[in-house]
Amino acid sequence: SQQGEEDPQALSIQEGENATMNCSYKTSINNLQWYRQNSGRGLVHLILIRSNEREKHSGRLRVTLDTSKKSSSLLITASRAADTASYFCATGSIDYKLSFGAGTTVTVRA
Amino acid sequence: NAGVTQTPKFRVLKTGQSMTLLCAQDMNHEYMYWYRQDPGMGLRLIHYSVGEGTTAKGEVPDGYNVSRLKKQNFLLGLESAAPSQTSVYFCASSYPRAWELFFGEGSRLTVL
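Chains as they are written, first to last, in my numbering: chain A, 1 to 110; chain B, 1001 to 1112.
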């Protein structure tokens, strides 16, 4: 069964706007990761946040983690057309297996 | 540097036929994984391997077999394909006790 669930399922924004998507999970985790998938391609790792961290930044990406609420958010600032993709959260447990959510499809309009 | 390479990229099978998907990685990764991706369901783990000669079941292993005879290769087999196995299959690899997965470009399988 899926551990993570993303919300919303789809998001459409104007170029230059920020995009925010959320991920909720059910059981305790070691870490939470976000991946991007462009249409017809494989997944690419974006960022990892450990269970003892609350916020992490990488370029235009900001990830937060609230273990008390079992939730995470991914913020993409100043979006570009190239950010159009599906974004997946994945939770890591102590057995080194990742469990993926169903993803959020982001469309950035020019 | 090729990373993770999957072959074939596309395949159409008839129900009952068999086939093997090959995954090759050139990063000397110990861990390798096979996932399937279906619309609205994200990625589900089929089988994985933590080293040469080892395999283990994931979330949805039924109808699939795997082998890891060489460290760089991870094979996924379908002995008797069913329409329910129509999906996009992704191979991934990682270092031991590391968390970042490196994915291949996927293999799109259609079973008629």
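Glycine is no exception: its CB is placed at the ideal position from the N, C-alpha and C atoms.
Rounded separation between G42(A) and F1103(B) - CA only: Answer to the nearest angstrom: the Cα atoms are 6 Å apart.
Interface flag, H45(A) vs chain B, CB-CB below 8 Å: The beta-carbon of H45(A) is placed less than 8 Å from the nearest beta-carbon of chain B.
Cα-Cα separation, K1057(B) to C1091(B): Each residue's Cα considered, the two are about 14 Å apart.
Strand pairing of N31(A), partner residues [DSSP]: R50(A) and G92(A), per the DSSP bridge assignment.
Beta-carbon contacts of R62(A) that lie in its chain and below 6 Å, excluding the five residues immediately before and after: The answer, listed in chain order, is L75.
For A1092(B), the three-state DSSP class (helix, strand or coil): Residue state, collapsed to three classes: strand.
For E5(A): DSSP bridge partner residues: Looking at the DSSP output, E5(A) sits in a beta bridge with S24(A).
Extent of the continuous beta strand (DSSP E) run through L1034(B): The question names Leu, yet the displayed sequence has Trp at residue 1034(B). Element bounds for W1034(B): Y1031 to D1038.
Opening and closing residue of the beta strand (DSSP E) in which L1019(B) lies: The sequence given here has Met at residue 1019(B), not Leu. From DSSP, the beta strand (DSSP E) with M1019(B) extends over M1019 to Q1025.
Beta-carbon neighbours of W1034(B), restricted to chain A and to distances below 7 Å: Within 7 Å Cβ-Cβ: nothing; W1034(B) doesn't reach chain A, min ~12 Å.
Nonlocal neighbours in the same chain, by C-beta distance under 6 Å from T91(A), ignoring five residues either side: Here the set comprises Q3, G4, Y25, I29, L32 and S99.
G16(A) burial status per 10 Å Cβ neighbour count (16 or more: buried): Classification for G16(A): exposed.
Cross-chain neighbours of K26(A) in chain B, by beta carbon under 9 Å: Proximity of chain B to K26(A) at the Cβ level (cut-off 9 Å) is not reached, the minimal Cβ distance being about 14 Å.
Option nearest S12(A) by Cα separation, candidates R80(A), I94(A), A102(A) and G101(A): When each option's Cα is compared against that of S12(A), the closest is R80(A).
Between the CA atoms of K56(A) and T105(A) - distance to the nearest angstrom: In this structure, the CA atom of T105(A) is about 22 Å from the CA atom of K56(A).
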